[in-house]
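Residue numbers (the working numbering): 4 to 572.
A short worksheet on the structure shown next.
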Amino acid sequence: MIEEIKLIVKTALGQENIDIANNKDLVFLRIKIARLGHFTTNASFLLAKKNGTSPMEEAEKLKSKIIQTSPAGYFEKIEIVNGYINFFVSEKTINESFKKISSAGASWGDSKIGAGQRVIVEYGSPNIGKPLHFGHLRSTIIGQALFNIYKSQGYKAISWSHPGDWGKQFGIMIAAYKEKARAGEKVELSIDEFLKLYVDYNFRMKNDPRLEEIAREETRKLQYGDKENARLWKKIYNLSMGEFSRIIKQLGVRFDVNNGESFYKPFLKRIVDVALDRGIAIRSEGAVIIPLEEENLPPFIIQKSDEAYLYTTTDIAAAKYRLEKYKADKILYVVGAEQYLHFEQLFAVLKKLGYLKNQELVHVKFGLVLGEDSKKLSTRAGKHISLSEVIDEAVSKAAVILSEKAPEIQKHEREKTAQIIGIDSLKYNDLSQNRLSNIVFNWDKMLSFEGIAAPYLLYTYARLRSILRKAGAKKIVSGEFEAESEQKLILKLDAFPDAVRLAADNFYPHTIAVYLYELSEAINNFYHTENVLNAESSIRASRLALVNTASIVLKKGLNLLGLETVERL
RNA sequence: GCCCCCGUAGUUCAAUGGAUAGAACGAGGGACUUCUAAUCCCCAAAUAGGGGUUCGAUUCCUCUCGGGGGCACCA
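See the structure below:
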């Protein structure tokens, strides 16, 4: 409806106010206070400023214009309050809107805005060799949601994982492994064992520069093709990727492309050579750096003084590859905010090197997961919360609650349902808040199934499905709605595309998450006040159509966020 | 020292520069012979502080305070 109202107002503004109509400050809003109306615009304020008159005066003039030019019966009334022009749409308009939404069905909220554009979403990139810690959940979940959202907006979206499988952590693990092996100790080849080795070595390295030296040397050897190190690397890589795929699958996430840092090793030398040849990079203190003084940034080191490469080098190669080979128009890097500077530098360097032209590169940053002490959780420091542990905890807690509240659900369905509730809860907990804030890790909060949490949404959905099951299959796409709760629900359904657009524009999945909570409120309110199955036949038919449409939109929204639904709860 | 992010009820979070700043949890009270009570209804409580821009500021600018992160060979 909001698009229709936009058009009506712009038409009424006429040619003489084309500047106002095109002004980006002209806004159309859904009114939050129900008694004031459904929609409003600030056009009168802009007109008053332009003409040196009062908003009230301009509002009156514009209102009579709108009454003349708008389709008959579109508005129930138009009121002017404090200079705002407030629109009350008519019942007929609401019914029309419903028809549109229910016909669109699962495509409601989609758009073609991104048609012909390719967007690569990089997320969920683990550091190979270390088990996934809880912090990885954020990137994975936010990234997957953005990927889904962009796809729904008509983009050709590519989900891309960029595992850190080529860096110094391997040098450290290899060094630690060899140290043990030399001492004649048998090393169990498991992911946990390698983590222990890593943490321990890293800790000792702080006080012993010799160990640091050894690790660095192992890294260099690996990068320059040492056989033994390559063999160890492969071992750790396989262990780690197995673990990664298992968890990713459990989370319902998948990647179109899975090119780790090691994938780019054939390109690294050339990246450095070209940068040097063009005079963009220089040698400094034995290393190769790209100075970024003009950009007011610290220099970007692309090769170490021992000739090993860094993730900076890999990132340049990866970006070049995506821009040139994959012809990406947009790349979203869903990576923690602590890498802010790195991406500022990377984007500046890509421009300098001419790889980045008018494509859009965005660092979609998110806050850290902090420990209970409000300090960063770090694997290096041995502060580690295992992601798979958190997932298991969430699922088993869901199973307990499920058996209390819905004992009638059969065993095999119960396990599946507990999985979905547990995982959805973790995801929703993260997705429902602005990604920029830090999160303090807290078991209770993380696994809370009360209030604004996934079970509320899942329950709402299950209720709708239950009504539809009982009603039997019938397909109705329109209806007459008079009850207040019905109209409120339709207005809420009508707002879904706004939430999706906002999420896409700002890379904010939480706008959808918050919207879905509000939608569920409207749904719960509706079926508490109005009976569906026992209503008189024409009303029953209309309400069933509403229930059906609401369930489709709710499911669609949940799916955009990467959440699954259950049929009963 | 410089740079970035954050600061909203007791707590965890909302609010594309718009009206009377919304929820949830927690505390208290109420609603199931009728489509699932993981639901619904009622009730108290907040913009860190100072300037500025604006018809209008939680939102933009600026200073101060507080929390977090980053700043040459980790990712």
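Glycine included, every Cβ here is placed at the ideal spot set by N, Cα and C.
{"Item": "One or two residues paired with S287 in a DSSP bridge", "Value": "A290"}
{"Item": "Heavy atom of the ligand NAP within 7 Å of S73 beta-carbon", "Value": "By its list of ligands, the structure shown contains no ligand whatsoever, and the ligand NAP lies outside what it can speak to."}
{"Item": "Test item: CB-CB of I578 and E216 under 8 Å", "Value": "This structure cannot settle anything about residue 578, because the visible part of the chain is limited to 4 through 572."}
{"Item": "Exposure of E296, with buried meaning 16 or more beta-carbon neighbours within 10 Å", "Value": "exposed"}
{"Item": "Continuous alpha helix (DSSP H) stretch holding V352: start and end", "Value": "Y343 to K355"}
{"Item": "G255 to I424 span [Cα, whole Å]", "Value": "13 Å"}
{"Item": "Euclidean distance between Cα positions of S164 and R185", "Value": "36 Å"}
{"Item": "Exposure label - L357; buried when at least 16 CB within 10 Å", "Value": "At residue 357 the sequence reads Gly, which differs from the Leu that was named. Exposed is the call here."}
{"Item": "Candidates Y462, L496 and T514: closest to N437 by CA position", "Value": "T514"}
{"Item": "Exposed unless 16 or more other CB atoms sit within 10 angstroms - verdict on H139", "Value": "buried"}
{"Item": "Helix, strand or coil at Y336 [DSSP, three-state]", "Value": "strand"}
{"Item": "Per DSSP, the bridge partner or partners of H136", "Value": "S389"}
{"Item": "Backbone CA spacing between E125 and I161 [nearest angstrom]", "Value": "8 Å"}
{"Item": "L32, DSSP secondary structure in three states", "Value": "strand"}
{"Item": "Buried versus exposed call for A37 [16 or more other C-beta atoms within 10 Å across all chains shown]", "Value": "exposed"}
{"Item": "L313 and K307 closer than 8 Å at C-beta", "Value": "yes"}
{"Item": "Endpoints, beta strand (DSSP E) assigned at K368", "Value": "E363 to F369"}
{"Item": "N89 in three-state terms, based on DSSP", "Value": "strand"}
{"Item": "Span of the beta strand (DSSP E), counted from its first residue to its last, around V122", "Value": "R121 to E125"}
{"Item": "F42 vs L32 beta-carbon contact at 8 Å", "Value": "yes"}
{"Item": "I145 vs P512 beta-carbon contact at 8 Å", "Value": "yes"}
{"Item": "Continuous beta strand (DSSP E) stretch holding K378: start and end", "Value": "Premise fails: K378 is in no beta strand (DSSP E) and is neither H nor E."}
{"Item": "For G167: DSSP bridge partner residues", "Value": "N130"}
{"Item": "Range covered by the alpha helix (DSSP H) that runs through I515", "Value": "H513 to T532"}
{"Item": "Residue(s) in a DSSP beta bridge with I442", "Value": "V372"}
{"Item": "Burial state of G565 (16 or more Cβ within 10 Å)", "Value": "buried"}
{"Item": "Distance CB(V367)-CB(L149) smaller than 8 Å", "Value": "yes"}
{"Item": "Extent of the continuous beta strand (DSSP E) to which F303 belongs", "Value": "F303 to Q306"}
{"Item": "Close-in-space but distant-in-sequence residues of the same chain around K330 (CB under 7 Å, 5 per side omitted)", "Value": "R121"}
{"Item": "Segment limits, beta strand (DSSP E) that includes I81", "Value": "F78 to V84"}
{"Item": "Opening and closing residue of the beta strand (DSSP E) in which F270 lies", "Value": "Where F270 is concerned, there is no enclosing beta strand (DSSP E), although the alpha helix (DSSP H) it sits in stretches over K268 to D280."}
{"Item": "DSSP bridge partner residues for I159 (one or two, in chain order)", "Value": "Note on identity: in this sequence residue 159 is Lys, with Ile being the wrong assignment. R121."}
{"Item": "Neighbourhood of L492 by C-beta, 7 Å cutoff - its chain only, sequence neighbours within 5 removed", "Value": "A525, I526, F529, L549 and A553"}
{"Item": "Simplified DSSP state of T143, which is helix, strand or coil", "Value": "helix"}
{"Item": "Rounded separation between L364 and L335 - CA only", "Value": "6 Å"}
{"Item": "Environment of Q147 [buried if 16+ CB atoms lie within 10 Å]", "Value": "buried"}
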